[in-house]
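**Q** Numbered according to the UniProt record's numbering, the sequence shown spans residues 1 to 324.
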Amino acid sequence: MSSKIREIQSPIKNEMAEFEIKFRQFMKSKVYLLDKIMGYIVKRKGKQMRPMFVFLSAGVHGEINEATYRGAALIELLHTATLVHDDVVDDANYRRGFFSINALWKNKIAILVGDYLLSRGLLLSVDNEDYDLLKIVSEAVREMSEGELLQIEKARKLNITEDIYYDIIRQKTASLIASCCAVGSRSVIKDDEVSEKMKLFGEKVGMAFQIKDDLFDYGTNEIGKPLGIDIKEKKMTLPLIYALNNSDKSEQKQILKLIKNKSEKNSTVKTVVSFVKEKNGIDYATEVMHNYYDEAMKIIKDFPDSNYRKSLMDLVQYTIERKK
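This is the structure in structure tokens:
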């Protein structure tokens, strides 16, 4: 964990440590194979940004309680279930540098593990009558599925407009961060207006987060991620969409033909990256990302100052300044 993340976590350090223990308990199973896989999932956790958004959002509005822990666990359980299933769909062998569940235990077991995680999340909420939290998270999972399918549908024709791109990332990425912030606040205060405001805050953060992710594909100086992953997968992201919209018909045709027929070639990646830079696609996407960041900050500044609010603002800043 980076020193920056540790610093951001400081107001919720104890809660995050307690959450790890509780989350492992929520995932326990009497079936040995399943329990072994659950242990593997817990060990390969990432930066824990989703629980951080939940706990910090709760701290901004009240006192963190058991419902906050359950809300954070619900999001992690349902999100992990979608990731396990995604790896099967994508035939992916790695997730965050670790072997995926399907790579180690094959597709059939991975699908069943995803189903188990989903059921654990649902039961955790139903058993504790956290119906309002379950509704928030279930809506996010629905949106994520719709966003994924919309992207697949549009990727076949390579005809994604800027508006459709925003729809896709709002559903695929921003909806989950929005649910984290809404669940956190809802766990401590039953106020629809506050929940909606925090949901909107999280959505703006999620939009900025995904655009930052898309910029990684074009290898600006500060980024260590391999070039062109999205290009090779024929994903139309904001820098490319803007570049195409600001080109003449012959240039558009040439670039789209390359992506459609030769996207896996390194020479295609170099050509597309040069084209996007030349057409100021990276500058434009960076500007849009900062606009979403500014909108998120404007919303969160409406709430009283506290250590939680400061860390939440620092976490938002981290999402657009991160190196990976």
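Every residue gets a Cβ at the ideal spot worked out from N, C-alpha and C, and that includes glycine.
Taking DSSP as the reference, what is the three-state secondary structure of F303?
**A** coil
**Q** What are the complete alpha helix (DSSP H) segments, minimum 4 residues, inside the region 11 to 54?
**A** 13 to 27 and 32 to 43
**Q** Can you say whether I21 is buried or exposed, counting buried as having 16 or more other CB atoms within 10 angstroms of its CB?
**A** exposed
**Q** Counting only the same chain and skipping the five closest in sequence on each side, list residues whose C-beta sits under 6 Å from that of residue 344.
**A** One cannot answer for residue 344 here, as it falls past the ends of the chain, which runs 1 to 324.
**Q** Taking contact to mean 3 or more Cβ pairs, one atom from each stretch, closer than 8 Å, check whether the region 203 to 214 and the region 245 to 254 are in contact.
**A** The region 203 to 214 makes no contact with the region 245 to 254; the number of CB pairs closer than 8 Å stays below 3.
**Q** Which parts of the region 238 to 307 are runs of the alpha helix (DSSP H), unbroken and 4 residues or longer, counting only runs that do not cross its ends?
**A** 238 to 245, 249 to 262, 266 to 278 and 281 to 300
**Q** Let me confirm a value: I229 is counted as buried when at least 16 other C-beta atoms fall within 10 Å, else exposed. Which label applies?
**A** exposed
**Q** Please list, in chain order, all residues of the same chain as L133 whose beta carbon is under 8 Å from its beta carbon, the five residues on each side excluded.
**A** A67, R70, G71, L74, S125, V183, R186 and S187
**Q** Measure the beta-carbon distance from T173 to F216 and round it to whole angstroms, keeping in mind my assumption that it falls under 8 Å.
**A** Rounded, the Cβ-Cβ distance is 14 Å, inconsistent with contact.
**Q** Whose C-beta lies closer than 8 Å to the C-beta of K212 among residues of the same chain, with five residues either side of it excluded?
**A** The beta carbon of K212 is closer than 8 Å to those of M289, T319, I320 and R322 in its chain, skipping five residues each way along the sequence.
**Q** Relative to the C-alpha of Y165, which candidate in N261, A285 and N14 has its C-alpha closest?
**A** A285
**Q** With S125 as the anchor, note down where its alpha helix (DSSP H) starts and where it stops.
**A** I101 to D127
**Q** Span of the alpha helix (DSSP H) holding K199?
**A** D192 to F216
**Q** Check whether the Cβ atoms of S263 and I231 lie closer than 8 Å to each other.
**A** yes
**Q** Please say whether V141 and T237 have beta carbons closer to each other than 8 Å?
**A** no
**Q** I need the boundaries of the alpha helix (DSSP H) containing S179, first residue and last residue.
**A** S175 to R186
**Q** Counting only the same chain and skipping the five closest in sequence on each side, list residues whose C-beta sits under 8 Å from that of K154.
**A** The answer, listed in chain order, is I160, I164, I168 and M236.
**Q** So, L315 versus I8, is the Cβ gap smaller than 8 Å?
**A** yes
**Q** For Q252, which residues of its own chain have a beta-carbon under 7 Å away from its beta-carbon, when the five flanking residues on both sides are left out?
**A** Only residues of its own chain outside the window of five on either side were considered, and among them L244 have a CB closer than 7 Å to the CB of Q252, listed in chain order.
**Q** On the DSSP letters alone, give me the boundaries of the alpha helix (DSSP H) that K4 sits inside.
**A** Where K4 is concerned, the enclosing alpha helix (DSSP H) starts and stops at S3 to Q9.
**Q** Considering only residues of the same chain and omitting the five flanking positions on each side of E295, which have a CB-CB separation below 7 Å?
**A** K204
**Q** Are the Cβ atoms of V84 and L34 separated by less than 8 Å?
**A** No, the pair does not count as a contact, with Cβ atoms beyond the cut-off.
**Q** Taking C-beta to C-beta, are M144 and L122 nearer than 8 Å?
**A** Note that the C-beta distance between M144 and L122 is not below 8 Å.
**Q** With a threshold of 6 Å on Cβ separation, who are the neighbours of Y292 within its own chain once the five nearest residues in sequence on each side are excluded?
**A** K204, M207 and A208
**Q** To the nearest angstrom, how far is the alpha carbon of K260 from that of K190?
**A** 50 Å
**Q** Which residues in the same chain have their Cβ closer than 6 Å to the Cβ of Q151, if we skip the five residues on either side of it in sequence?
**A** Around Q151: I168.
**Q** Closest by CA to D192, which one among E15, I5, G147 and H61?
**A** Nearest C-alpha to D192: H61.
**Q** Determine the direct distance from the alpha carbon of T80 to that of residue 333, and round the result to whole angstroms.
**A** Given that the chain is displayed from residue 1 to residue 324, the structure contains no residue 333 and the question cannot be resolved.
**Q** When burial is assigned at 16 or more other CB atoms within 10 Å of the CB, is E76 buried or exposed?
**A** buried
**Q** Rounded to whole angstroms, what's the CA-CA distance from L104 to E233? Just pull it up for me.
**A** 24 Å
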